[in-house]
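Chains as they are written, first to last, in full-length UniProt numbering: chain A, 1 to 505; chain B, 1 to 505. Backbone N, C-alpha and C define an ideal beta-carbon position, used for all residues, glycine too. The next block holds one structure in the form of structure tokens; read it before the comments.
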């Protein structure tokens with residue numbers, strides 16, 4: 001069972017409680033292979049059952065609230081049929097009126113998303129013998145995620161990532177039970193989001209106005225692909241810093257920097273002293289809120305450099321007028337509060353980077369703080385939880401960073417978060433960050449997988465059962481081969497081989 | 001011009017001196033884009049000429065010794081036509097009887113391989129404007145490689161690399177003017193080479209006897225694909241260490257290790273005390289010599305652990321008999337000398353890793369020593385050159401090693417090799433090593449490219465003209481986009497974009 005709550009999909013929810021049936025026949029013996037991430041409660045025997053692709057079908061239980069017509073599960077049945085029987089070229093799943101009364105397996109879940117996760121688990125239990133026959137061992141699993149928020153951030157501004165590569169990443173995310181795609185869609189280098197209300201933003205701010213943009217149709221495709229896999233799409237429109245590309249298509253948005261008493265020609269962060277800034281942000285965020293249905297929106301707020309604000313006489317005058325003195329963190333707080341208020345008004349829950357929490361007290365606080373800085377990040381988690389705010393942890397999972405890329409165990413470190421039950425409840429999850437300085441579609445997949453899967457197990461599974469790197473290693477090797485078999489270019493962990501090596505080029 | 005000598009292809013050579021013609025018409029202006037690796041002498045003007053795919057053709061000059069029927073150039077014409085006109089779907093190159101008497105470009109080379117390099121250079125000079133039209137600027141180039149040996153090592157034992165991934169690597173190698181594929185084909189973990197004389201070696205020593213092997217046909221395909229691109233295939237059968245997988249299919253080859261007075265069940269390096277060892281090696285190397293036509297053969301000889309030899313009473317008795325005392329380097333030298341003599345008899349030039357040179361004086365010395373260890377590798381180069389042996393340098397180009405993978409400039413460091421002209425001449429080149437602990441077909445390409453291209457420029461170009469990382473950076477970025485356009489999954493160097501992003505998944 002996967003609890004909903006924070007990870008519910010709002011308007012997408014189908015309905016609750018159902019069974020899935022499938023045809024199995026008991027037979028010989030085989031060691032069961034692992035499931036990644038490790039289920040909470042898992043027992044299996046060496047008794048195995050053959051699966052016949054031609055007789056196998058998924059079906060809704062009679063008592064299930066979900067029935068044929070639930071688009072998410074109907075699609076998942078088709079998808080997982082192919083994943084379970086990679087060699088079978090027929091489409092047995094569509095002929096589900098067979099009356100073979102043999103073995104059955106059942107999957108009970110409280111939500112449609114829990115059922116999707118259960119299908120993933122089941123698909124990982126099925127294996128082939130040397131003759132290509134399919135088997136599943138007798139298994140009992142009771143499962144739920146440790147954290148409701150299990151995200152991966154992709155940065156599509158420092159390099160443009162074509163839609164097909166994003167979709168492929170969503171596929172792989174579902175295999176590791178990630179449920180949030182944090183789309184850091186724009187930043188300094190480029191603005192690839194094609195806005196309906198401000199088309200000049202991508203026309204002038206993208207790397208190329210036609211080939212390096214995400215159209216509305218692209219965005220819908222990503223959201224729909226993600227939704228069918230139980231993945232939320234969390235858009236980030238980071239401001240007031242990280243906005244250089246915005247200035248190209250929206251004049252008077254960025255702060256003109258001054259060199260002495262004259263503008264230098266350079267621009268700094270968003271100009272917080274102009275009313276037009278807030279009108280623009282309100283209009284843009286209104287569009288974003290309607291295009292991205294998720295209840296969360298990420299507002300960024302990281303790494304604001306004050307030097308340009310300091311140089312600008314209009315900004316300084318505004319500071320005086322507002323009584324901020326020379327404390328530019330107050331100006332930043334003023335800006336962020338206004339932006340958070342806009343999203344509150346739009347009925348969205350705001351997420352911000354930890355900088356916003358670190359540097360100033362906000363009167364109207366954002367709901368969720370994302371901790372990303374190095375050092376004692378668990379101290380920071382505690383500080384945020386102490387004031388009753390929710391926390392997402394990203395610090396240990398910067399997979400884009402230099403370092404021995406093959407040391408997957410770095411990303412498997414237990415969290416050991418001590419705190420009251422109340423505080424722990426505020427830690428809603430974690431996120432793998434794949435910043436884009438050195439990453440695009442050429443190397444994204446092997447850099448993400450299977451290392452992100454190590455983080456996925458940390459976010460899903462019981463920490464006590466998954467504290468040993470040595471025990472995890474063969475399981476992760478096995479899971480990595482499953483990813484490769486499914487066409488995911490997941491890199492090897494160490495010397496060895498997969499039964500089915502990657503066949504692409 | 002590319003000198004032949006050490007890089008000649010022996011029986012493959014076509015013939016010497018020819019021209020290539022192509023249709024060009026002078027027109028407007030455009031900044032010429034770069035060629036990677038940088039040619040020795042390069043002048044170009046802003047005068048540009050349009051290229052019409054329908055009128056363009058390659059042809060042999062009337063005075064050329066090579067004419068239609070030279071398989072290497074006939075194939076290169078077809079290949080480079082597609083590379084030069086990636087958007088054009090016709091096959092104009094085959095209709096080369098057009099009588100358009102317009103501009104011509106000529107390419108003179110002393111060897112067929114030099115002409116292949118020249119075609120690569122020419123293909124990099126052609127660019128498209130925003131409307132898709134093709135242009136080339138007026139350019140004069142006189143070019144030759146700094147070193148005759150410019151290699152890339154792939155390790156197909158620690159992970160099996162499917163043939164299609166090897167072929168793709170050969171394509172990319174040709175784009176950077178590499179000319180040696182060092183095939184480290186077998187090692188401890190697996191023996192994927194399917195031997196005609198000893199089929200049990202792969203049947204029992206490969207990861208899988210059917211799916212994880214290189215058949216004779218696979219090997220021929222690799223050699224043929226490489227040859228057409230001016231790349232030699234240098235096979236390595238590393239012994240006496242790194243041979244664990246050999247023992248599975250060839251009993252009595254490896255040394256039984258002893259625990260006290262009884263065999264422990266473990267095996268060590270090849271057993272140098274048995275005559276059967278040398279019979280086996282002679283038979284295997286005879287086969288290898290005939291399967292791989294290159295004049296070089298790599299015999300390995302690195303990292304021999306003496307502990308197993310020391311434990312074995314028969315080996316110790318052999319030491320006594322031979323008068324080696326307790327100096328096991330003498331035993332190793334004895335073994336390597338025998339193996340080198342076998343290859344000399346087979347008319348091949350032996351290459352060994354530096355260990356063989358470091359640890360003992362050989363009476364019959366191998367011809368070429370490959371320097372691979374860290375530290376003052378140029379000191380080692382000098383030591384080897386001082387005794388008149390040829391040297392290949394690999395130390396600075398271990399691209400598989402952990403570290404900031406994106407720091408391409410690490411592999412661009414000038415060599416600054418000081419020595420007499422005689423000594424310098426003995427340094428025949430260098431090699432990029434891609435060991436296989438953490439590498440297979442899923443991540444090979446982005447890990448190799450474009451970082452190996454940095455090494456390629458060091459090995460091809462004039463060091464004085466290519467000592468600046470800052471000047472090289474935009475050129476390498478441009479070249480990396482050319483690789484991506486050609487379907488090579490070369491990873492990005494830093495923030496930015498290519499006009500044509502990678503379209504695969």
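Just curious, the alpha helix (DSSP H) that residue i is in, first and last residue?
i	result
residue 210 (chain B)	No alpha helix (DSSP H) contains residue 210 (chain B), which DSSP labels as neither H nor E.
residue 439 (chain B)	Premise fails: residue 439 (chain B) is in no alpha helix (DSSP H) and is neither H nor E.
residue 457 (chain A)	451-460
residue 369 (chain B)	Element bounds for residue 369 (chain B): not the alpha helix (DSSP H) but the beta strand (DSSP E), 368-371.
residue 84 (chain A)	71-84
residue 386 (chain A)	377-386
For residue i, which residues does DSSP report across the bridge?
i	result
residue 240 (chain A)	Residue 240 (chain A) is not bridged to any residue.
residue 196 (chain B)	None; residue 196 (chain B) has no bridge partner.
residue 128 (chain B)	B:134
residue 50 (chain A)	A:135
residue 447 (chain A)	None, per the DSSP bridge assignment.
residue 430 (chain B)	B:150 and B:393
residue 41 (chain A)	A:142
Put residue i into one of helix, strand or coil per three-state DSSP.
i	result
residue 155 (chain B)	strand
residue 164 (chain B)	helix
residue 235 (chain B)	strand
residue 265 (chain B)	strand
residue 29 (chain B)	Here residue 29 (chain B) scores only 44 on pLDDT, less than 50, and its place in the model should not be relied on; the value that follows carries that caveat. Strand.
residue 502 (chain A)	coil
residue 360 (chain B)	coil
residue 350 (chain B)	strand
residue 400 (chain A)	coil
residue 60 (chain A)	strand
residue 169 (chain B)	helix
residue 229 (chain A)	coil
residue 531 (chain A)	In the structure displayed, chain A extends from 1 to 505; residue 531 (chain A) sits before or after that span and is not available.
residue 287 (chain A)	helix
residue 340 (chain A)	helix
residue 122 (chain A)	helix
residue 488 (chain B)	coil
residue 270 (chain B)	strand
residue 329 (chain B)	helix
residue 512 (chain B)	The structure shown has nothing for residue 512 (chain B), since chain B only spans 1 to 505.
residue 191 (chain B)	coil
residue 355 (chain A)	helix
residue 222 (chain A)	helix
residue 311 (chain B)	helix
Mind checking which residues open and close the beta strand (DSSP E) that includes residue i?
i	result
residue 182 (chain A)	180-184
residue 481 (chain B)	Note, residue 481 (chain B): premise wrong, no beta strand (DSSP E); alpha helix (DSSP H) at 469-485.
residue 138 (chain B)	134-142
residue 391 (chain B)	390-393
residue 254 (chain A)	254-259
residue 298 (chain B)	296-298
Mind reading off the beta-carbon distance from residue i to residue j? Whole number of angstroms is fine, and I expect it under 8 Å.
i	j	result
residue 440 (chain B)	residue 161 (chain B)	6 Å
residue 88 (chain B)	residue 53 (chain B)	4 Å
residue 150 (chain B)	residue 459 (chain B)	4 Å
residue 494 (chain A)	residue 437 (chain B)	6 Å
Could you check if residue i belongs to the surroundings of the ligand GDP, using beta carbon to heavy atom distance under 7 Å?
i	result
residue 279 (chain A)	Looking for the ligand GDP in the displayed structure turns up nothing, as the structure carries no ligands at all.
Check whether the segment 189-196 of chain A touches the segment 476-484 of chain A, counting contact only when three or more Cβ pairs, one atom from each stretch, lie closer than 8 Å. no
Would the segment 208-226 of chain B count as touching the segment 248-260 of chain B if we require 3 or more Cβ pairs under 8 Å? no
ask   = Counting Cβ pairs, one atom from each stretch, are 3 or more of them under 8 Å apart for the segment 172-186 of chain B and the segment 265-272 of chain B?
value = no
**Asked** Does the segment 141-150 of chain A come within contact of the segment 204-212 of chain A, defined as at least 3 CB pairs closer than 8 Å?
**Response** no
Q) At a cut of 8 Å, does the segment 416-423 of chain A reach the segment 377-396 of chain A through at least three beta carbon pairs? A) yes
Counting Cβ pairs, one atom from each stretch, are 3 or more of them under 8 Å apart for the segment 138-146 of chain A and the segment 32-44 of chain A?
-> Contact check between the segment 138-146 of chain A and the segment 32-44 of chain A: three or more CB pairs, one atom from each, fall below 8 Å, which counts as touching.
| query | Counting Cβ pairs, one atom from each stretch, are 3 or more of them under 8 Å apart for the segment 287-303 of chain B and the segment 335-344 of chain B? | reply | Touching, per the Cβ criterion.
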